[in-house]
Amino acid sequence: MRCSIRGYGIAEVTAATATIGYKVPQRRHPVLQFIVQQPLGAAGLIVIVLMGVCAIFAPWVAPYDPLTVDYASMLAAPSSEHWLGTDSFGRDVLSRIIYGARTALAIGFLASFLGSTIGAVIGVISAYFGGKVDLVIQRIMDVLLSFPIIVLAITVVAVLGKNIVLGVDVNLVVAIGLPMIPKVARVVRSSALAIRELPYIDAARTAGFSDSRIIFRHMVPNVVAPYLIMLTAFVAQAILAEASLSFLGLGVTEPTASWGLMLSGAAADFYQQAPWMIVFPGIAISLAVFAFNLFGDSLRDWLDPKIKL
Amino acid sequence: MLRYILQRLLLMIPTLVGVAILVFFLLRLAPGDPVQMMMDGANVSREVIDAERARLGLDRPIYVQFLTWFGALLKGDFGVSIWTGRPVLYEIGIRLELSLQVAIMATILAVLIAIPLGTLSAIYKDTWIDHLVRVFSIAGLAVPSFWLGMIIILTLLTYFSWIPPLTFTPFFEDPWKNLSQLIWPAIAVGYRYSAVAMRMMRSSVLEVLQEDYVRTARAKGVHERLVVARHAMRNALLPVVTVVGLEFAFLIGGLVVTEQVFNLNGIGKLFVQAVARGDYTMIQGLVLLVAVFFVLINFAIDMLYALLDPRIRYR
Chain E
132 MRCSIRGYGI
142 AEVTAATATI
152 GYKVPQRRHP
162 VLQFIVQQPL
172 GAAGLIVIVL
182 MGVCAIFAPW
192 VAPYDPLTVD
202 YASMLAAPSS
212 EHWLGTDSFG
222 RDVLSRIIYG
232 ARTALAIGFL
242 ASFLGSTIGA
252 VIGVISAYFG
262 GKVDLVIQRI
272 MDVLLSFPII
282 VLAITVVAVL
292 GKNIVLGVDV
302 NLVVAIGLPM
312 IPKVARVVRS
322 SALAIRELPY
332 IDAARTAGFS
342 DSRIIFRHMV
352 PNVVAPYLIM
362 LTAFVAQAIL
372 AEASLSFLGL
382 GVTEPTASWG
392 LMLSGAAADF
402 YQQAPWMIVF
412 PGIAISLAVF
422 AFNLFGDSLR
432 DWLDPKIKL
Chain U
1276 MLRYILQRLL
1286 LMIPTLVGVA
1296 ILVFFLLRLA
1306 PGDPVQMMMD
1316 GANVSREVID
1326 AERARLGLDR
1336 PIYVQFLTWF
1346 GALLKGDFGV
1356 SIWTGRPVLY
1366 EIGIRLELSL
1376 QVAIMATILA
1386 VLIAIPLGTL
1396 SAIYKDTWID
1406 HLVRVFSIAG
1416 LAVPSFWLGM
1426 IIILTLLTYF
1436 SWIPPLTFTP
1446 FFEDPWKNLS
1456 QLIWPAIAVG
1466 YRYSAVAMRM
1476 MRSSVLEVLQ
1486 EDYVRTARAK
1496 GVHERLVVAR
1506 HAMRNALLPV
1516 VTVVGLEFAF
1526 LIGGLVVTEQ
1536 VFNLNGIGKL
1546 FVQAVARGDY
1556 TMIQGLVLLV
1566 AVFFVLINFA
1576 IDMLYALLDP
1586 RIRYR
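The listed protein sequences derive, respectively, from chains E and U. Here the numbering used here = 1-based position in the first sequence + 131. Here the numbering used here = 1-based position in the second sequence + 1275.
1. Using C-beta distances below 7 Å, list every residue in its chain close to T1290 (chain U), excluding the 5 sequence neighbours before and after it, in chain order.
2. Take the Cβ of N294 (chain E) as the centre, count every other Cβ of all protein chains shown within 10 Å, and call the residue buried at 16 or more, exposed below.
3. Check each residue of the segment 248-282 of chain E: if its Cβ is closer than 9 Å to any Cβ of chain U, include it; give the result in chain order.
4. Alpha helix (DSSP H) containing N1538 (chain U): first to last residue?
5. May I ask you to report which of helix, strand or coil DSSP gives L1579 (chain U)?
6. Using a threshold of 8 Å, state whether the C-beta atoms of N130 (chain E) and L291 (chain E) are closer than that.
7. For the alpha helix (DSSP H) containing S341 (chain E), name the first residue and the last one.
8. Can a CB atom of chain U be found closer than 8 Å to the CB of T217 (chain E)?
9. Who are P1362 (chain U)'s beta bridge partners in DSSP?
10. Excluding the five sequence neighbours on either side, which residues of its own chain have a C-beta within less than 7 Å of the C-beta of A1463 (chain U), listed in chain order?
11. If we count the other Cβ atoms within 10 Å of its Cβ and call it buried at 16 or more, is M132 (chain E) buried or exposed?
12. V1470 (chain U) and L1416 (chain U): beta carbons closer than 8 Å?
13. Exposed or buried, Q1485 (chain U), counting other C-beta atoms within 10 Å across all chains shown (16 or more means buried)?
14. Examine chain U for any beta-carbon lying closer than 8 Å to the beta-carbon of G172 (chain E), and answer yes or no.
15. Quick check on A1507 (chain U): buried or exposed, where buried means 16 or more other Cβ atoms within 10 Å of its Cβ?
16. Out of U:V1567, U:L1285, U:R1493 and U:F1546, which one is the CA nearest neighbour of R1370 (chain U)?
17. Between F378 (chain E) and chain U, is there a C-beta pair that is closer than 8 Å?
18. Is the segment 312-319 of chain E touching the segment 244-256 of chain E, taking contact as three or more C-beta pairs under 8 Å?
19. Return the bridge partner residues of V288 (chain E) from the DSSP annotation.
20. Answer with buried or exposed for M1276 (chain U), where buried requires no fewer than 16 other C-beta atoms within 10 angstroms of its C-beta.
21. Taking C-alpha atoms, which residue in U:A1511, U:I1383, U:M1475 and U:L1564 lies nearest to V1489 (chain U)?
22. In whole angstroms, give me the CA-to-CA distance for P406 (chain E) and D218 (chain E).
23. Could you tell me the distance, in whole angstroms, from the CA atom of D1405 (chain U) to the CA atom of S1356 (chain U)?
24. Is any beta-carbon of chain E found at less than 8 Å from that of F1569 (chain U)?
25. I believe V304 (chain E) touches A242 (chain E) by the beta-carbon criterion, under 8 Å. Please report the beta-carbon distance rounded to the nearest angstrom.
26. Note down, in chain order, each residue of its chain lying with its Cβ closer than 6 Å to the Cβ of A422 (chain E), except the 5 sequence neighbours on either side.
27. Is the shortest distance between the beta-carbon of W1451 (chain U) and the beta-carbons of chain E less than 8 Å?
28. Give me the subset of the segment 1385-1413 of chain U whose CB atoms are less than 9 Å from a CB atom of chain E, sorted by chain position.
29. Consider the Cβ of F240 (chain E): report whether some Cβ of chain U lies at a distance smaller than 8 Å.
30. So, is D300 (chain E) buried or exposed, given that buried needs 16 or more other C-beta atoms within 10 angstroms?
31. Please determine, among E:L163, E:V162, E:I166 and E:Q403, the residue with the shortest C-alpha to C-alpha distance to F1435 (chain U).
32. Which of helix, strand or coil does DSSP assign to D441 (chain E)?
33. By how many angstroms is the C-alpha of I1324 (chain U) removed from the C-alpha of G1541 (chain U)?
34. Return the chain-ordered ranges of every alpha helix (DSSP H) run that is complete within the segment 166-217 of chain E and spans a minimum of 4 residues.
35. Going by the beta-carbon positions, is the gap between V1550 (chain U) and I285 (chain E) smaller than 8 Å?
36. Does chain U have any CB closer than 8 Å to the CB of C134 (chain E)?
Here it is, written out as structure tokens:
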């Protein structure tokens, strides 16, 4: 419906307009289209963009340095000086939340990108070759699917340890991304199975193209919709996983600012004295996950409502 | 039907063997040495460490280690915890009751919330009731259960100056004391769970309401309440059963984090401790147990489906 006039020249369409007297709606930019058709998703997108801006420009946005220890203002209640109060080291909670957005978004995007991309490639390969290859891949995916995300992630973290490159723990990204692979592979495989039967794939085969060319040039671009949908949905999952792991002391470690880490350790010792240490980081996690879920859901409705996550 | 059951049972075997292989070799890739970790700080000589390694069988080639472990596994022997020296199954057994009870309570809570609210949301689609229920359920997916647990404790502490008891009392000893401890973690993990089921119930009822037999029932003049209760809800429950079943297995995963918040000595806490201590045999046992549990539940759901919908058996 959305692109019913695609394929006609603009001139033809305008000519028809003149005679019938029907005003052809102007084709708007896809982003604008999305905002008009999916207002909730657009709201989610706005929150995501705001968070991204805060994360990137954290040194300019944050009122304090997130690592500066100031025992004079330890456990200070929210005030005009410290909007969201301070923690047990006198560090500004708002600044730590803003810097925490960096950690959450960086790990969330990287893990989701890694998991979805590998999953999509595996799904397409599985669907394209079919037969024994498909059977073996599906069995391996079944094995990976029988672990809860957090259990598999914790196990991988335990095995790999830490490996920090450019301020991001690569092993943590792998641990969170790995459990996503089978889920993405399953959804992408079913989309790719339908595509495999289309005439242009036969045409490509007849033309003598190699398997890898058909997979990467003809099939992969056509599973972009499910890929993008899964990618957004899993950013939310990855942010939750990072928070959980950091909370358990298995993810990001002090003094790096991370929302999950802010909730662990000292926060639990000061329930009554400093509830702001618990309340605000949790709101940050919830808001981020909420925004990505909202955006992901709308993106699915907009691109391909039939996909089940 | 018998053929179908057998076929499904046979299909479980490669998955479970795969899980065992994956778990075993994944952990053996770890750079740390458990014996060294255990003796950390205690100034022991190389010989003592080697003797301990030999005692645990860690000095043999890896494939021999695997075959020994796997062989024992088939006899139901999960090995001995490297850290405590007691059998893995014993350690799990004494903690399972607590975790299982929280999981079951969370499930009951989730179903009790999800089915009526999901149905209401579908019947009153696009009204304020629907919007309210949907916001409630989307929020449920966003709020981390461990944080919800902390907020629950904070609320109890601030407004009632009370915290749940810290020691576990079995349900049949003192049901009141037992519930006053475990209802809170059940709410914390149950909220997310109910949100998932609620969304499924809503979309499922919406789909069923489009069916011909619902239109027929309405045309016959059946009371709308009966149409919803007998025709729509009953048929809409099938996909919800699947989601509830699948999520139950994953609930154990959610408990890993939430048990820390409430300081519960369940299998989740055991898992985190085992990881922190590099207790290989314990991690293997726990991960395997969760996976077996998941595969069995999957099997049960398939059977239930086949029982409720004869078309599936003949596929």
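Even for Gly, the Cβ is constructed at its ideal location relative to N, Cα and C.
Looking at the atomic coordinates:
1. Numbered from its first residue, the second sequence carries residue 1290 (chain U) at position 15. Excluding residues within five positions, the ones whose Cβ falls inside 7 Å are V1570.
2. Walking along the first sequence from the start, residue 294 (chain E) turns up at place 163. N294 (chain E) should be labelled exposed.
3. Cβ contacts with chain U come from R270, I271, D273, V274, L275, L276, S277, F278, P279, I280, I281 and V282.
4. By 1-based counting over the second sequence, the position of residue 1538 (chain U) is 263. That residue, N1538 (chain U), is in no alpha helix (DSSP H); it is neither H nor E in DSSP.
5. Taking the first residue of the second sequence as 1, we reach residue 1579 (chain U) at position 304. If DSSP states are grouped into helix, strand and coil, L1579 (chain U) belongs with the helices.
6. In this structure chain E extends from 132 to 440, so residue 130 (chain E) is not present and cannot be described.
7. If you number the first sequence from 1, residue 341 (chain E) lands on position 210. Per DSSP, S341 (chain E) belongs to no alpha helix (DSSP H) and is neither H nor E.
8. Reading the first sequence from its first residue, position 86 is the one you call residue 217 (chain E). Not one chain U Cβ lies under 8 Å of T217 (chain E).
9. Here residue 1362 (chain U) refers to the residue found at position 87 when the second sequence is read from its first residue. Answer by DSSP bridge pairing, in chain order: U:V1355.
10. Counted from its first residue, the second sequence places residue 1463 (chain U) at position 188. Here the set comprises S1420, L1423, G1424, I1427 and T1533.
11. Taking the first sequence and counting its residues from 1, the one referred to as residue 132 (chain E) is at position 1. Residue confidence is low: M132 (chain E) scores 38 on pLDDT, short of 50, so the model does not pin down where it sits. Its coordinate-derived value is still stated next. Exposed: under 16 other Cβ atoms inside 10 Å.
12. Taking the first residue of the second sequence as 1, we reach residue 1470 (chain U) at position 195. Taking the first residue of the second sequence as 1, we reach residue 1416 (chain U) at position 141. Before going further, note that residue 1470 (chain U) is Ala rather than Val in the sequence given. Yes; because the gap between Cβ atoms is below 8 Å, this pair is in contact.
13. The count along the second sequence starts at 1 and reaches residue 1485 (chain U) at position 210. Exposed: under 16 other Cβ atoms inside 10 Å.
14. For the purposes of this step, residue 172 (chain E) is taken as residue 41 along the first sequence, with counting starting at 1. Chain U, which has no Cβ nearer than 8 Å to the Cβ of G172 (chain E), makes this no.
15. On the second sequence, position 232 is the one that residue 1507 (chain U) refers to. With 16 or more other Cβ atoms within 10 Å, it is buried.
16. Stepping through the second sequence from its first residue, residue 1370 (chain U) is reached at position 95. Answer by Cα proximity: U:F1546.
17. In the first sequence, the residue the question calls residue 378 (chain E) occupies position 247. Judged by the 8 Å Cβ criterion, F378 (chain E) is in contact with chain U.
18. yes
19. Start at 1 with the first residue of the first sequence, and residue 288 (chain E) comes out as number 157. None; V288 (chain E) has no bridge partner.
20. The sequence position of residue 1276 (chain U) within the second sequence is 1, counting from 1. So M1276 (chain U) counts as exposed.
21. Position 214 of the second sequence holds residue 1489 (chain U). Residue U:A1511 is the option with its Cα nearest to V1489 (chain U).
22. Residue numbering aside, residue 406 (chain E) sits at position 275 when the first sequence is read from its first letter. Residue numbering aside, residue 218 (chain E) sits at position 87 when the first sequence is read from its first letter. Approximately 10 Å between the Cα atoms of the pair.
23. For the purposes of this step, residue 1405 (chain U) is identified with residue 130 of the second sequence, where counting begins at 1. For the purposes of this step, residue 1356 (chain U) is identified with residue 81 of the second sequence, where counting begins at 1. Whole-angstrom Cα-Cα distance: 51 Å.
24. Along the second sequence, read from residue 1 onward, the residue named residue 1569 (chain U) stands at position 294. Yes, F1569 (chain U) lies at the interface with chain E (some Cβ there is under 8 Å from its Cβ).
25. In the first sequence, residue 304 (chain E) corresponds to position 173, counting from 1. In the first sequence, residue 242 (chain E) corresponds to position 111, counting from 1. Distance from V304 (chain E) to A242 (chain E) at the Cβ level is roughly 5 Å; contact confirmed, criterion being Cβ atoms closer than 8 Å.
26. Looking up residue 422 (chain E) in the first sequence gives position 291. Closer than 6 Å at the Cβ level, and outside the excluded window around A422 (chain E), lie G175, V178 and I179.
27. For the purposes of this step, residue 1451 (chain U) is identified with residue 176 of the second sequence, where counting begins at 1. Not closer than 8 Å to any Cβ of chain E, the Cβ of W1451 (chain U) fails to qualify, so no.
28. I1413
29. Taking the first residue of the first sequence as 1, we reach residue 240 (chain E) at position 109. Cβ-Cβ to chain U under 8 Å: no for F240 (chain E).
30. As a first step, residue 300 (chain E) is located in the first sequence; it is residue number 169 there, counting from the start. It counts as buried.
31. Counting from 1 along the second sequence, the entry for residue 1435 (chain U) is found at position 160. Selected option, being the one with the closest Cα: E:Q403.
32. Since the first residue of chain E shown is 132 and the last is 440, residue 441 (chain E) is not available in this structure.
33. Numbered from its first residue, the second sequence carries residue 1541 (chain U) at position 266. Numbered from its first residue, the second sequence carries residue 1324 (chain U) at position 49. Rounded to the nearest angstrom, the two C-alpha atoms are 31 Å apart.
34. Entirely contained in the segment 166-217 of chain E, the alpha helix (DSSP H) runs reaching 4 residues are, in chain order, 170-187 and 189-192.
35. Walking along the second sequence from the start, residue 1550 (chain U) turns up at place 275. Walking along the first sequence from the start, residue 285 (chain E) turns up at place 154. In this structure, V1550 (chain U) sits near I285 (chain E), with a CB-CB distance shorter than 8 Å.
36. Start at 1 with the first residue of the first sequence, and residue 134 (chain E) comes out as number 3. Caution applies to C134 (chain E), whose pLDDT of 43 falls short of 50 and renders its modelled position unreliable; the model cannot decide the point.
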